[in-house]
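Notes to accompany the following structure.
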Amino acid sequence: MKQRVITAILMAIVFIPFFFLGGWFITFLFSILSYIAMYELITMYQSKKNIPNVCKYIIPLFSSIIVLFSSFATAEDIIYVLLVELMFLLILPIFNKKIEMKDVIFFIFGIIYSGIGFAIIVTVRNIEMLYQDASIRLFDGLNIYAVGLILFIFVLLSTMLTDIAAYQFGIKFGKHKLCPSISPKKSIEGSIAGTIAGALGGTLFMVILQFTLSKEYANAIKLFKIDNIYLYALAIFGVALLLSIAGQLGDLIASKIKREYNIKDYGKIFPGHGGVLDRFDSSIYSFLVFIIILMISGVTF
Numbered sequence: 000m001k002q003r004v005i006t007a008i009l010m011a012i013v014f015i016p017f018f019f020l021g022g023w024f025i026t027f028l029f030s031i032l033s034y035i036a037m038y039e040l041i042t043m044y045q046s047k048k049n050i051p052n053v054c055k056y057i058i059p060l061f062s063s064i065i066v067l068f069s070s071f072a073t074a075e076d077i078i079y080v081l082l083v084e085l086m087f088l089l090i091l092p093i094f095n096k097k098i099e100m101k102d103v104i105f106f107i108f109g110i111i112y113s114g115i116g117f118a119i120i121v122t123v124r125n126i127e128m129l130y131q132d133a134s135i136r137l138f139d140g141l142n143i144y145a146v147g148l149i150l151f152i153f154v155l156l157s158t159m160l161t162d163i164a165a166y167q168f169g170i171k172f173g174k175h176k177l178c179p180s181i182s183p184k185k186s187i188e189g190s191i192a193g194t195i196a197g198a199l200g201g202t203l204f205m206v207i208l209q210f211t212l213s214k215e216y217a218n219a220i221k222l223f224k225i226d227n228i229y230l231y232a233l234a235i236f237g238v239a240l241l242l243s244i245a246g247q248l249g250d251l252i253a254s255k256i257k258r259e260y261n262i263k264d265y266g267k268i269f270p271g272h273g274g275v276l277d278r279f280d281s282s283i284y285s286f287l288v289f290i291i292i293l294m295i296s297g298v299t300f
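End of the sequence shown = 300 in numbering that gives the first Met the number 0, gap-free, step of one.
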């Protein structure tokens, strides 16, 4: 537990400045994390399948490239990049007999999971870069994209509060197993508590900002054009609720994959926490759901 807390503090010290600065700072951070995540997936895959060792060093670059493109390219451009990568992957079995088509399918899954998954997180944080919208000029002209930062915190807060509350409440009051074959320590009671905590925490964050920010920024971060604050809070609660549930599903899916390959953690880069995917499995799904909500509300990428 002590190691887990120390690692969490160090992660916060390293990550928070990148999250705050956004732009290319967070893009480069997540391109590195994406590379490590794909490396973890291929290392896991190698435990059951003998593929050339060079794959776990080269293929992760494909994930990183997608994340790098996410800060300046449209969704259509990223699809083109992904298609080029897929074309390259599909010809690998022709030139290397140790690589089979089922290996390529796993590579494709990994690139979508770690590449597109982290690219979505970066896109939410850097949402204003796509539109050259209003930003706060800070530190001698450095652009801090405030709207993207607030939306990023909203999703991350809803997800993290869910994880923390589910874990703490589950340990003390959990009696009924949620998915014993996948994650034996998770309980139904913990899941419910986590969902409520994540939804309420995210809602309070967004509603409080409506009263504290200037009218310009308060309107800029509004997910729905609802003037009545009570109805707006209810709508935000619905979004935060979906984010909380999505985060838990992402965690369970990642746990299911680990069970399939008989591993406890994806990696060891974060002592006490596991690998990159162990830390971001929930966030990948919650940010995915959030960006779908943004698209439904009329935002284009």
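Ideal placement from N, C-alpha and C gives every residue a C-beta, glycine not left out.
Keep in mind it's a predicted model, so treat the numbers as computed, not measured.
Around Ile149, the same chain offers Leu208, Ile220 as residues with beta carbons nearer than 7 Å, after the five sequence neighbours per side are excluded. Phe269 is bridged by DSSP to Gly273. At least 9 Å separates the beta-carbon of Ile170 from that of Gly193.
Here the alpha carbons of Asn95 and Ala7 stand approximately 42 Å from one another. Shown here for Leu91: same chain residues with a beta carbon closer than 7 Å to its own, the five before and five after excluded, namely Ile98, Val103 in chain order.
Under the DSSP definition of a beta bridge, Lys176 partners with Ser186.
Contact holds between the stretch 29-47 and the stretch 107-121, because three or more Cβ pairs, one in each stretch, are under 8 Å apart. Just so you know, the alpha carbons of Val275 and Ala74 end up roughly 24 Å apart.
Boundaries of the alpha helix (DSSP H) around Pro59: 59-68.
When DSSP assignments are scanned along the stretch 210-256, the uninterrupted stretches of alpha helix (DSSP H) that are 4 or more residues long and fall wholly within it turn out to be 214-219.
Judged by DSSP secondary structure, Glu39 falls within the alpha helix (DSSP H) whose first and last residues are 22-45. Between Lys257 and the set Val206, Ile181, Val53, the nearest pair of CA atoms involves Ile181. In this structure, the beta-carbon distance from Ile126 to Gly109 does not fall below 9 Å. Annotation: the continuous alpha helix (DSSP H) that includes Val83 extends over 74-89.
Comparing C-alpha distances from Ser62 to each of Glu215, Lys255, Ile107, Ala217 shows the shortest one belongs to Ile107. For Thr26, same chain residues with a beta-carbon under 6 Å away, outside a window of 5 residues either side, are Ser70, Val121 in chain order. Taking 8 Å as the upper bound for CB-CB distance, Ser285 and Leu240 are not in contact here, some 11 Å apart. In the three-state DSSP reduction, Glu99 falls in the coil class, being neither helix nor strand. Non-local beta-carbon contacts of Pro59 in its own chain, meaning distances under 6 Å to residues more than five positions away in sequence, involve Tyr34, Met37, Tyr38 in chain order. Under the DSSP assignment, Val53 falls outside any alpha helix (DSSP H); it carries neither an H nor an E label. In the structure shown, Tyr260 falls within a coil segment according to DSSP collapsed to helix, strand and coil. When the Cα atoms are used, Ala145 and Phe14 turn out to be separated by approximately 17 Å.
Ser282 sits in a helix when the DSSP states are folded into three classes.
For the options Tyr229, Ile252, Asn261, Ala234, the alpha carbon positioned closest to that of Tyr44 is the one of Asn261. Under the three-state reduction of DSSP, Gly297 is assigned to coil, being neither helix nor strand.
Pairing Ile12 with Phe236, the inter-Cα distance amounts to about 30 Å. Phe117: member of the alpha helix (DSSP H) spanning 116-124, first to last residue. Burial check for Glu215: the Cβ neighbour count within 10 Å stays below 16, so the residue is exposed.
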